[in-house]
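Peer 1:
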């Protein structure tokens, strides 16, 4: 229900808050990590790619009049920046640095290390964020835990103070003050000087939360407890809940509003940003919006409500107010699938018109008092107010990735009464309890945004509560390695296993001059058909599969995925058709959020079945089609090829993404073939795989393998089949060397997979997870022998061969 009404509000947001994009220098990708102003009004911008930009005249009426200068470069992911007495400080992954232009040439030539006293293991996800400063001149940073394959969902703290909030004194002394953070992308202070941080949904973090930070706090994630003194654990469990007391979130932001929260700033603009002074706003990357946060202290604890403020603005990771009251917004994507544009700089300005909104939501013992920015219209009668709804829910606190909204129920609204000036509404209900979120929906009031979400940690009266919104529950069953069985078709060289004329690997965002096309720049976050309207077709053929991919369309976009080149899953800019089956079934829910937004599509496809005479006995069918984890088609049977598909039906066929009807952006295409295990009755075991084995005649070989770092090979005569997932070699698993390399990372390290090899009449076929990916003729078929390269890891669970008659 949130989504439907939320989208109705979009048509009016620009009336009150405009979004103006800045134009960076030609060819530059500005993935913003930090924003701050010097005393002359210049804006300094640090980037994930290690540069700092100086922007002069950023408050010009037209953003085109701002002047960009690359002020510094060579940093390691500058994800926090603060200007103190006109000196620029940047937090890198492993260092707080001061950058200086000592010779006055307009460029920083000096980088001074303030401190490096926190650890790094080298993991790709070990970010460091910042950089608020308190009244005593102390900086604050937050450090990300790392994630490793194959159990990528378990965050680990392998170096000191990963997963902590730390204070850094002006002298450079690092003082870790709070633990239990996961992916703490944002820090900020309210107007009273209290420090807050935002965390991102994942393991031990059921949704995106906003937390008040005080010394000694533990928030949620156990991995950082190994560095706690005294009483740190040598290696905290990734699956067993810790017994340390948790600090509850002041606000849990609903998943529909935030999936990757950035930093947050106080609104103290003397009315220059509208009627919300004293509150805070937070950046949101994935959904591309600004979320408004309104907190109050209840029984000594911060808690409160959140609301949408401005949507459809791009992958917002950083926000900073300017002296004129405009909100500067820095975009960053890094290939995570955030809303386009995924890089750049914008500013949001209040137009001077006051929106009709809920200004504050104040908790009562038996309900809420809602203050509005304007008097409620006379048309909102007592009958309209009867449509007001309240729903409570909570979350699971466990090691799994996030949590659905749990244990929800509708609350009975006993009474809704307006004040005489119609600026306040009191809503009375039965049974409010702490440890719950309550979502209120004011249907029919005519509000710009008619939904609030309030996090109740304490009620105003009664015993102090210990129950939390994120509730400790029985842990779920252990996960398998989620990469197991999957073939990643666009990792590494994204186009190597595809017929890809007209497609390129790039970074993509909305084109402001032509919404029906994309604006592409150098990057590796998407593949786009911007070089000619041709289809993207896999070289490999598949039968029954599970599939997953990310897709973004421009305005009016029209694409589709043809399974087996015949059965189309629609990808069009229309919620009534997006992820439907052409001519068979439309989606049952409105999940499509519109163009220029990434969506993740998952599902299963089952090929038609035939008897021995070739007569079809079962139709092809789709099952469990989901958009962003929401099921839109449970099952759909295809009596034959859909429109635009190849004629005739078979048991195997390629994947084909339509590219002839306009541009489409794709990313992270994966398939998991669904097949029965090989029956090894009658096969011959190979007990010494690293010794040469001579086989006479044609044969096939089956193995169950797991590869680690380094390079392993199976030698077959003068050729070799490569097994390689990590390292500098461009020839990856499935390559037949020297003539036929595969450059796509089809299989990931530390993941079991089925490997089959057929050598018949001098033709060799390499089969990975029941799918043929390489073939070569004119090869010598024997002897065969596994060979390990230096530092290589290869596990063999099964290894058998049999002759082919």
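Residue numbers (my numbering): 6 to 810.
All residues carry an ideal CB built from backbone N, CA and C; glycine is no exception.
Cβ of residue 799 within 8 angstroms of Cβ of residue 728?
Peer 2: Contact: yes.
Peer 1: Within this structure, are the beta carbons of residue 562 and residue 664 separated by less than 8 angstroms?
Peer 2: It is not a contact, given that the beta carbons lie outside the stated cut-off.
Peer 1: For residue 190 and residue 322, which I take to be in contact (beta-carbon distance under 8 angstroms), what is that distance rounded to the nearest angstrom?
Peer 2: With 8 angstroms as the limit, residue 190 and residue 322 qualify as a contact, their Cβ atoms being about 7 angstroms apart.
Peer 1: Between the alpha carbons of residue 807 and residue 692, how many angstroms are there, rounded?
Peer 2: Between residue 807 and residue 692, the C-alpha separation is close to 14 angstroms.
Peer 1: How long is the line joining the alpha carbons of residue 52 and residue 468, rounded to whole angstroms?
Peer 2: One C-alpha to the other measures close to 48 angstroms.
Peer 1: So which of 273, 139, 95 has the shortest CA-CA distance to residue 121?
Peer 2: Residue 121 has its Cα closest to that of 95, out of 273, 139, 95.
Peer 1: Note down the Cα distance separating residue 401 from residue 415, rounded to an integer number of angstroms.
Peer 2: Those two C-alpha atoms are separated by around 19 angstroms.
Peer 1: DSSP three-state call for residue 209: helix, strand or coil?
Peer 2: The answer is coil: DSSP assigns residue 209 none of H, G, I, E or B.
Peer 1: Which two residues bound the contiguous alpha helix (DSSP H) that contains residue 388?
Peer 2: 387-390 is the span of the alpha helix (DSSP H), which, as asked, contains residue 388.
Peer 1: Are the Cβ atoms of residue 133 and residue 64 separated by less than 8 angstroms?
Peer 2: Not a contact, by the Cβ cut-off of 8 angstroms.
Peer 1: If the criterion is Cβ atoms closer than 8 angstroms, does the pair residue 303 and residue 286 meet it?
Peer 2: Result no, Cβ atoms of residue 303 and residue 286 do not sit closer than 8 angstroms.
Peer 1: Check whether the Cβ atoms of residue 445 and residue 373 sit closer than 8 angstroms, and answer yes or no.
Peer 2: Going by C-beta atoms, residue 445 is nearer than 8 angstroms to residue 373.
Peer 1: Using beta-carbon positions only, say whether residue 632 and residue 596 come within less than 8 angstroms of one another.
Peer 2: Against a cut-off of 8 angstroms, the Cβ pair of residue 596 and residue 632 comes out as a contact.
Peer 1: Is it true that the segment 279-297 meets the segment 313-330, where meeting means three or more beta-carbon pairs spaced less than 8 angstroms apart?
Peer 2: A contact exists between the segment 279-297 and the segment 313-330.
Peer 1: For the 8 angstroms Cβ check, are there 3 or more pairs between the segment 593-607 and the segment 571-581?
Peer 2: As far as the Cβ criterion goes, the segment 593-607 touches the segment 571-581, which means the pair count is three or higher.
Peer 1: Are residue 730 and residue 801 close, meaning C-beta to C-beta below 8 angstroms?
Peer 2: Not in contact: residue 730 and residue 801 (Cβ atoms no closer than 8 angstroms).
Peer 1: Which runs of the alpha helix (DSSP H), 4 residues or longer, sit entirely within the segment 532-576?
Peer 2: For the segment 532-576, not a single whole alpha helix (DSSP H) run of length 4 or above is found.
Peer 1: Candidates 54, 99, 29: which alpha carbon is nearest residue 69's?
Peer 2: When only C-alpha atoms are compared, the closest one is 29.
Peer 1: Should residue 809 be labelled buried (16 or more other beta-carbon atoms within 10 Å of its own) or exposed?
Peer 2: Residue 809 is exposed by the Cβ-count criterion.
Peer 1: Note down the Cα distance separating residue 14 from residue 448, rounded to an integer number of angstroms.
Peer 2: In this predicted model, residue 14 has a pLDDT of only 46, less than 50, meaning its place in the structure is not dependable enough to derive any value.
Peer 1: Just verifying my parser: in three-state terms, what is the DSSP assignment at residue 641?
Peer 2: Residue state, collapsed to three classes: strand.
Peer 1: Measuring only the C-alpha atoms, how far is residue 502 from residue 109?
Peer 2: Cα-Cα distance, rounded: 52 angstroms.
Peer 1: How big is the Cα-Cα spacing for residue 266 and residue 705?
Peer 2: Their Cα atoms are separated by approximately 52 angstroms.
Peer 1: Along the chain, where does the beta strand (DSSP E) containing residue 118 start, and where does it finish?
Peer 2: Unbroken beta strand (DSSP E) run through residue 118: 115-120.
Peer 1: So within the segment 749-801, which uninterrupted beta strand (DSSP E) runs reach at least 3 residues, ignoring any that extend past its ends?
Peer 2: If we require 3 residues or more, the beta strand (DSSP E) runs fully inside the segment 749-801 come out as 757-765, 768-773, 776-782, 789-793.
Peer 1: Spatial neighbours of residue 775 within its chain, please: C-beta separation below 6 angstroms, excluding the five flanking residues on both sides.
Peer 2: Within the same chain, residue 775 has close Cβ partners 678, 680.
Peer 1: If you draw a straight line from the C-alpha of residue 791 to the C-alpha of residue 245, how long is it?
Peer 2: One C-alpha to the other measures close to 40 angstroms.
Peer 1: Report the residue ranges of all beta strand (DSSP E) runs contained in full by the segment 163-227; include only those spanning at least 3 residues, in chain order.
Peer 2: Counting whole runs of 3 or more residues, the segment 163-227 contains the beta strand (DSSP E) stretches 169-173, 179-184, 191-194, 200-204, 213-218.
Peer 1: Alpha carbon to alpha carbon, how far is residue 27 from residue 8? Give it in angstroms, no decimals.
Peer 2: Because the pLDDT at residue 8 is just 38, under 50, the model does not fix this residue reliably, and the value given afterwards should be weighed accordingly. Looking at the two C-alpha atoms, the distance is approximately 29 angstroms.
Peer 1: Could you give the first and the last residue of the continuous beta strand (DSSP E) run that contains residue 374?
Peer 2: Here the beta strand (DSSP E) through residue 374 covers 372-377.
Peer 1: Secondary structure at residue 33, three-state DSSP: helix, strand or coil?
Peer 2: The answer is coil: DSSP assigns residue 33 none of H, G, I, E or B.
Peer 1: Please report the straight-line C-alpha distance between residue 5 and residue 48, rounded to a whole angstrom.
Peer 2: Nothing in the structure corresponds to residue 5, since the chain is present only between 6 and 810.
Peer 1: How many angstroms separate the CA atom of residue 3 from the CA atom of residue 479?
Peer 2: The chain is shown only over 6 to 810; residue 3 falls outside these bounds and no answer can be derived.
Peer 1: Suppose you measure from the CA of residue 12 to the CA of residue 293; what does that come to, to the nearest Å?
Peer 2: Summary for residue 12: the model assigns pLDDT 40, below 50, so the residue's position carries little reliability, and this model does not support an answer.
Peer 1: Is the number of C-beta pairs between the segment 635-649 and the segment 566-578 that are closer than 8 angstroms three or more?
Peer 2: The segment 635-649 is in contact with the segment 566-578.
Peer 1: Taking only three categories from DSSP, how would you classify residue 398?
Peer 2: Of the three classes helix, strand and coil, the one that applies to residue 398 here is strand, per DSSP.
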